[in-house]
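Everything in the sequence shown is counted per this note's numbering, starting at -17 for the first residue and increasing by one. Glycine residues also receive a C-beta, built at the ideal position from the N, C-alpha and C atoms.
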Amino acid sequence: MRTYLDFEKPIADLEARLEETKKLAQTSNVDVSEAVNVLEKSIDKLRREIFQNLTRWQRVQLSRHPDRPYTLDYISLMCDQFIELHGDRTVRDDPAMVGGFCELGRTGGPGQTVMIIGQQKGRNTKQRQYRNFGMPNPEGYRKALRLMKLAEKFNKPIITLIDTPGAFPGLEAEERGQGEAIARNLKEMFMLTVPVICIVIGEGASGGALGIAIGDKVLMLENTWYSVISPENCSTILWRSWDFKEQAAEAMKLTARDMQMNKLVDEIVEEPLGGAHNDHQAMANQLKEVILNTIDQLNAIDPQERINQRIDKFCDMGVVLE
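Next up, the structure:
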């Protein structure tokens, strides 16, 4: 069954009435086509009204929607072929970080082979435990860097899909060098000679997100967030309670629009009406088109010039001129 957020309840009520009306048509000879048409238009109008006036906290909720597509969903919907690669060659494989070579098909032309890497969450309790709720350990970031270097060796563009509440903060992760692994990724990603495109597809929290987010182009889906801390944890620090998470979200200015206005991301990818969870295939098609167009733009730039632009872009962030 589809999951509805609190602010989507009016839509849920109308869709329930629509389903009842359609069932009535199946069990009787009553013509309900006019009523169905009216309800469908009402649902569409209501959905537009709600999603055109979302608060920052509501966008945070959408980024965590349980039906929202995750990294492996995008891979299955966008890629004609996908060869997943495992392990960091040091400790183990981290299921919270997935990656491998895949081919993005083009209409009427040859496909584009890329290295795609991203954090992966789970759909149910067992999967969430297996994927560690999308929170990678150090070996996840080391695996990601290994795959990036492999892509560089074969001159293939790199796509990273960011969706994490943060890197795993456990004692064992710190013992194995969580901070060092993320820091090394930041350094190495600046110097990659191939095009690098980073896309926030859900939650983009703290260094856990930044560990695979240094790229020539950094994009965000419309209903995502990107910040050093979550609204709940910010509320806990400032007010000693999670009850002020909505106020924290407003103060933090963490949405895609805010990030673009502050020149921290380059582009916003629009989602289907109702959010990415409302139409996985449409969202994947839109994202693939943006990725392919961006790769074409970046391939036209000399590799050394790309590196220089990448460094300048991030060095300019947060600079204050008096």
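Nearest to residue i by alpha carbon, out of the options?
i, options, result
"Arg166", "Arg124, Ala155, Glu134, Cys180", "Arg124"
"Ala155", "His259, Val73, Ser58, Thr53", "Val73"
"Asn106", "Asp62, Pro48, Glu157, Gly159", "Pro48"
"Cys84", "Ile65, Asp70, Val210", "Ile65"
"Arg292", "Glu22, Ile164, Leu168", "Leu168"
"Gly91", "Leu274, Asp284, Val301, Ile283", "Leu274"
"Glu(-10)", "Lys270, Gln34, Pro51, Gln109", "Gln34"
"Met234", "Ile277, Thr53, Ala187", "Ala187"
"Ile181", "Ile164, Thr142, Met117", "Thr142"
"Thr89", "Leu(-4), Lys270, Asp298, Leu21", "Lys270"
"Gln263", "Ile25, Ile277, Lys295, Ile57", "Ile57"
"Gly82", "Trp39, Leu127, Ile283", "Leu127"
"Lys131", "Tyr112, Gln101, Phe115, Met173", "Met173"
"Ala266", "Leu67, Thr9, Thr53, Ser15", "Thr53"
"Glu2", "Val18, Pro(-8), Ala191", "Val18"
"Ala231", "Trp39, Thr175, Pro147, Glu134", "Trp39"
"Arg41", "Gly152, Gly256, Leu0", "Gly256"
"Tyr184", "Gly122, Leu129, Leu153, Val251", "One detail in the question is off: residue 184 reads as Gly in this sequence, not Tyr. The option with the nearest alpha carbon to Gly184 is Val251."
"Leu59", "Glu249, Gly161, Val210, Gln268", "Gln268"
"Glu249", "His68, Thr276, Leu6, Asn260", "Thr276"
"Met299", "Asn260, Asn244, Asp13", "Asn244"
"Gly152", "Thr175, Phe115, Glu134", "Phe115"
"Met(-17)", "Val12, Asn260, Tyr112, Glu162", "Asn260"
"Ile25", "Ala(-2), Lys5, Gln111, Glu162", "Ala(-2)"
"Leu129", "Ile179, Leu67, Tyr112, Glu162", "Leu67"
"Ala133", "Thr175, Glu157, Gln109, Glu162", "Thr175"
"Phe296", "Gly122, Ala195, Leu36", "Ala195"
"Ser209", "Lys4, Lys108, Gln242", "Gln242"
Give me the Cβ distance between residue i and residue j, rounded to the nearest whole Å; I'm assuming they're in contact under 8 Å.
i, j, result
"Leu246", "Pro177", "Wrong, their Cβ atoms sit about 20 Å apart, outside the cutoff."
"Lys103", "Asp55", "Going by Cβ atoms, the distance from Lys103 to Asp55 rounds to 10 Å, so no, they are not a contact pair."
"Gly87", "Asp62", "5 Å"
"Gly159", "Pro213", "No, Gly159 and Pro213 are not in contact; Cβ-Cβ is about 29 Å, not under 8 Å."
"Gln43", "Leu(-4)", "With a Cβ gap of about 20 Å, Gln43 and Leu(-4) do not count as contacting."
"Ala258", "Pro51", "6 Å"
"Gly190", "Ala149", "3 Å"
"Gly197", "Ile164", "No, Gly197 and Ile164 are not in contact; Cβ-Cβ is about 15 Å, not under 8 Å."
"Pro147", "Met171", "With a Cβ gap of about 21 Å, Pro147 and Met171 do not count as contacting."
"Leu0", "Glu22", "7 Å"
Any idea which residues DSSP pairs residue i with across the strands?
i, result
"Glu85", "Gln63, Thr95"
"Glu310", "Lying before the first or after the last residue shown, residue 310 is absent from the chain, which here runs from -17 to 304."
"Val178", "Ile140"
Taking 8 Å as the cut-off, is the C-beta of residue i nearer than that to any heavy atom in the ligand NAP?
i, result
"Lys23", "With respect to the ligand NAP, the structure shown offers nothing to examine, as it has no ligands at all."
To test your reading of the DSSP string, which unbroken beta strand (DSSP E) runs of 3 or more residues are found completely within the stretch 99 to 170?
140 to 146
Quick check: the stretch 130 to 138 against the stretch 91 to 100, are at least 3 beta-carbon pairs closer than 8 Å?
yes
Whole beta strand (DSSP E) elements within the stretch 193 to 274, 3-residue minimum
199 to 203, 207 to 209, 249 to 251
Specify whether the stretch 232 to 243 and the stretch 196 to 208 touch according to this definition: at least 3 beta carbon pairs, one from each stretch, less than 8 Å apart.
yes
Taking only runs that begin and end inside the stretch 6 to 82, name each unbroken beta strand (DSSP E) of 3 or more residues, in chain order.
61 to 66
Any contact between the stretch 21 to 30 and the stretch 210 to 229? By contact I mean 3 or more CB pairs, one from each, below 8 Å.
no
Do the stretch 74 to 82 and the stretch 284 to 294 touch if we need at least three Cβ pairs shorter than 8 Å?
no
Decide if the stretch 204 to 221 is in contact with the stretch 34 to 52; the criterion is three or more beta carbon pairs, one per stretch, under 8 Å apart.
yes
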